[in-house]
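Undergrad: Take this structure first; my questions come after.
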Amino acid sequence: MPANSKSIVFDKMQQVAFFESPVGAYEIKADDDGITSINLKGEKLEATEENKKLDPNSRSTRHLKECIAWMNAYFSNSPMQKVKVPSLNVQEYEISKPFCCKVWKILTDRVKPGETVTYGELANMAGNPKGARAVGMAMRTNPIPIIVPCHRVVKSGGGLGNYSSYNGVVTKKWLLQHEKAII
């Protein structure tokens, strides 16, 4: 595991790893089916006595390592097409938030680094031309920001819009500028 990542066992079914980035520390959670959440904590996270090595026999470890490799490539300006996108697990949202899941998939598949899309355009791509506010809700509830790139969704009037991660619009602007550099 790279030097800028640390891990601890979260519970028997889910594990967590931390990734230090230029915008702050990310907490990444995974279970056997994939990455379940990514949360930008902001502050630098130091290893504690509680930190343990990831369980080498767990499938969640594979997902965490894939995610860390993806994030290393993303933040080091490496070509992203050469890095496997980690498996995501949004099963808990598929029944309660099917529109959100549809929007997240479309955003991930169709809006590439260096590109942006408006809330209205994304709603139209999802088959709901009047659903810009629903897209905003999907972005606000996105459990896996950066891989599901909600920072690429902007206001139709040219403004950046909101970003519900640490440091808000400052982080969103940094990520968008960074992606312009890695195309």
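In my numbering, each residue's number is its place in the sequence shown (first place is 1) plus 90. We put the CB at the ideal spot given by N, CA and C, even for glycine.
1) What does the Cβ neighbour count give for THR138, buried or exposed, with the cut at 16 atoms within 10 Å?
2) Counting Cβ pairs closer than 8 Å, one from the stretch 206 to 219 and one from the stretch 117 to 137, do we hit at least three?
3) Buried or exposed: GLN267, going by 16 or more other Cβ atoms within 10 Å of its Cβ?
4) Which stretch, first to last residue, makes up the beta strand (DSSP E) that contains GLY124?
5) For ALA213, name the three-state secondary structure that DSSP assigns.
6) So, with DSSP's three-state summary, where would you put LEU250?
7) Got a sec? Which residues, its chain only, sit under 8 Å from LYS263 by beta carbon, not counting five neighbours each side?
8) Does the contact criterion of 3 or more C-beta pairs under 8 Å hold for the stretch 191 to 202 versus the stretch 235 to 244?
9) Give the secondary structure of VAL180 by DSSP, where H, G and I count as helix, E and B as strand, and everything else as coil.
10) Near PRO233, which residues of its chain fall below 8 Å by C-beta distance, leaving aside the five closest residues on each side in sequence?
TA: With the structure as the only source:
1) Position 48 of the sequence shown, counted from the first residue, corresponds to residue 138. At THR138, the pLDDT of 34 sits below 50, so the modelled position is not reliable; the number obtained from the coordinates is stated separately. THR138 should be labelled exposed.
2) The stretch 206 to 219 is not in contact with the stretch 117 to 137.
3) Residue 267 sits at position 177 when you count from the first residue of the sequence shown. Exposed: under 16 other Cβ atoms inside 10 Å.
4) What you label residue 124 is simply residue 34 of the sequence shown in a count that begins at 1. 124 to 130 is the extent of the beta strand (DSSP E) around GLY124.
5) One-based indexing of the sequence shown puts residue 213 at position 123. Looking at ALA213 - three-state DSSP - the assignment turns out to be helix.
6) As a first step, residue 250 must be located in the sequence shown, where it is residue number 160. Note: LEU250 maps to coil in three-state DSSP.
7) Taking the first residue of the sequence shown as 1, we reach residue 263 at position 173. Closer than 8 Å at the Cβ level, and outside the excluded window around LYS263, lie LEU250.
8) Yes, the stretch 191 to 202 is in contact with the stretch 235 to 244.
9) Translated into positions along the sequence shown, residue 180 becomes position 90. Coil.
10) Position 143 of the sequence shown, counted from the start, is the residue given in the question as residue 233. Only THR126, SER127, ILE128, VAL180, TYR183 meet the Cβ criterion.
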